[in-house]
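Under my numbering, think of the first position of the sequence shown as 1, with each following residue one higher.
In this text, a Cβ means the ideal position worked out from N, Cα and C, and glycines have one as well.
Predicted model, so just to flag it, every value in this text is computed and none were measured.
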Amino acid sequence: MKKVFYRRNLPHYQPDNAVLFITARLHGSLPKEVVLTLKEERELYQKYLEKEGLSEKELKEALQKSRELYFGKFDDLLDNNKTGPHWLKDERIAQIWIDALKHFDNKRYKVICSTVISNHVHFIFYQLKQPIRKIMHSLKSYSANEANKILGREGSFWQEESFDRAVRNREKLREKINYVLNNPVKVGTVSHWSQYKYNYIHTDFEKYVK
Numbered sequence: 001m002k003k004v005f006y007r008r009n010l011p012h013y014q015p016d017n018a019v020l021f022i023t024a025r026l027h028g029s030l031p032k033e034v035v036l037t038l039k040e041e042r043e044l045y046q047k048y049l050e051k052e053g054l055s056e057k058e059l060k061e062a063l064q065k066s067r068e069l070y071f072g073k074f075d076d077l078l079d080n081n082k083t084g085p086h087w088l089k090d091e092r093i094a095q096i097w098i099d100a101l102k103h104f105d106n107k108r109y110k111v112i113c114s115t116v117i118s119n120h121v122h123f124i125f126y127q128l129k130q131p132i133r134k135i136m137h138s139l140k141s142y143s144a145n146e147a148n149k150i151l152g153r154e155g156s157f158w159q160e161e162s163f164d165r166a167v168r169n170r171e172k173l174r175e176k177i178n179y180v181l182n183n184p185v186k187v188g189t190v191s192h193w194s195q196y197k198y199n200y201i202h203t204d205f206e207k208y209v210k
């Protein structure tokens with residue numbers, strides 16, 4: 001597959017043979033003004049870095065760190081937000097997402113690990129056979145329709161845009177796997193990642209888990 005790049009509110013980049021770390025959140029899970037403020041802070045800091053006279057390598061590393069910081073703040077807000085929908089707390093809704101993700105595992109992609117939190121999901125996958133935009137649309141569209149049937153509602157279920165990051169080496173893969181599996185520990189649902197029923201790790205990657 002050729003490299004794919006597109007931009008909406010967030011940049012999306014799918015290199016060849018990508019391993020991708022994905023976060024998808026429920027529609028309305030964060031107030032718009034909070035998301036906009038965080039986005040503006042990130043853009044201002046990026047402009048500041050670009051004016052610092054850094055070398056190409058230094059700028060690339062600094063921007064990478066700023067993206068990690070941005071995601072960390074973004075995810076902390078999701079973890080600690082008590083308002084907005086938390087439909088994924090419902091076992092029936094959580095299972096719809098899990099079944100959707102598993103349905104095309106080893107067909108359109110391979111899942112390394114995943115988790116489900118009350119208002120968002122994290123997962124890592126690779127060997128994508130289609131552009132990520134198409135894969136995410138399929139996953140979200142199916143799971144949203146099925147969830148809305150159970151909830152007896154209409155309208156947007158998922159926030160339209162997801163947060164995706166390429167995992168570029170084994171050290172980062174180890175870090176992100178542990179991040180995904182320990183999210184339920186972080187929010188206080190369980191004391192150890194292995195106790196959480198919605199955590200999944202492929203056996204080939206268990207060696208990466210602390």
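Assign residue i to buried or exposed, taking buried as 16 or more other Cβ atoms, counted over all protein chains shown, within 10 Å of its Cβ.
| i | result |
| --- | --- |
| S55 | exposed |
| I150 | exposed |
| R165 | buried |
| H120 | buried |
| L20 | buried |
| P184 | buried |
| H122 | buried |
| N17 | exposed |
| L88 | buried |
| L128 | buried |
Using DSSP with H/G/I as helix, E/B as strand and the rest coil, what is residue i?
| i | result |
| --- | --- |
| K107 | coil |
| H27 | coil |
| L20 | strand |
| H120 | strand |
If contacts are defined as beta-carbon pairs under 8 Å, then residue i and residue j qualify, I think. What distance do you get, rounded to the angstrom?
| i | j | result |
| --- | --- | --- |
| I112 | I124 | 4 Å |
| I117 | V35 | In fact, because the Cβ distance is near 17 Å, the residues do not count as touching under 8 Å. |
| A62 | I96 | Going by Cβ atoms, the distance from A62 to I96 rounds to 40 Å, so no, they are not a contact pair. |
| L59 | E50 | 7 Å |
| I177 | Y208 | 5 Å |
| S66 | R42 | 7 Å |
- Length at least 3, wholly inside the segment 35-78: the beta strand (DSSP E) runs in chain order: none
- Item | 3 or more residues per run - each beta strand (DSSP E) lying fully within the segment 139-205 | Qualifying beta strand (DSSP E) stretches, in chain order: 163-166.
- Are the segment 152-159 and the segment 27-39 touching, with three or more C-beta to C-beta distances below 8 Å? yes
- Could you tell me whether the segment 101-111 touches the segment 76-90, where touching means 3 or more Cβ pairs closer than 8 Å? no
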